Each structure stands twice: as structure tokens, then as C-alpha cells.
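In my numbering, the protein residues as written are 118 to 218.
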């Protein structure tokens, strides 16, 4: 059974809505790995199509953990194949961590 939440309305939407700052950080970080300008990163394009390899994936997971102070499964980019999906995940994880704290 899926976990339930006591959050409703605006609070619940915030858990599901990526922060634009999160998406911007992800695009800038990924762009540095791929040696591209951040504007060349489309958050809706699958990472594999952008040339992200296993080295980039491991680096991204590590940087996400450090930057956002959350634990991230190494399979993150397989479970969340675009930056938009990853941003959703991070935003929800950070918001949930704040609720618990």
C-alpha cells in the first residue's frame, strides 16, 4: 500500500511541484558535466538522450545528496529519467524532510 500523507491542498501540491531553483541547479550541474551551456539542457529530454553516462549519473547523485542534504538511491536516473522528474523527486524529498524535522 502506498504511504499516506496528512497534507492537503497547497502543501500537498508543493510536495509534487519542483522548485524552479532545483531545476536550475540541476541544469547548471548537468551542463557542467556535459560541457554545455545550461540553456542547452532541456529538462524534459531523457538524460540518456543528452549523453549522460554512468560516470555522470554517479556524479549527479553524489552532488544531489551533498547539495540538498538528502539520501538518493544510485538508480535515481533510471527511476526518474529527466531533469524534470528528478526535480520533482528532490522537491518532494526536501519538503518531506522539512515536515518531519
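Glycine is no exception: its CB is placed at the ideal position from the N, C-alpha and C atoms.
Since the model is a prediction, treat every value here as computed from it, not as a measurement.
Item, Value
"Limits of the unbroken alpha helix (DSSP H) element including residue 210", "200-217"
"Any chain C beta carbon closer than 8 Å to residue 171", "Among the chains in the structure shown there is no chain C, since it carries only a single protein chain."
"Continuous alpha helix (DSSP H) assignments of at least 4 residues falling wholly in the region 164-201", "171-185 and 193-196"
"Selection from 154, 206 and 151 that minimises the alpha carbon distance to residue 182", "206"
"Residue 145 burial status per 10 Å Cβ neighbour count (16 or more: buried)", "exposed"
"6 Å CB neighbourhood of residue 185 in its chain, flanking five on each side removed", "207 and 211"
"Bounding residues of the alpha helix (DSSP H) (the contiguous stretch that carries residue 153)", "First-last for residue 153: undefined, no H or E at that position."
"Given 8 Å, three or more beta-carbon pairs between the region 186-196 and the region 148-155", "no"
"Exposure label - residue 217; buried when at least 16 CB within 10 Å", "exposed"
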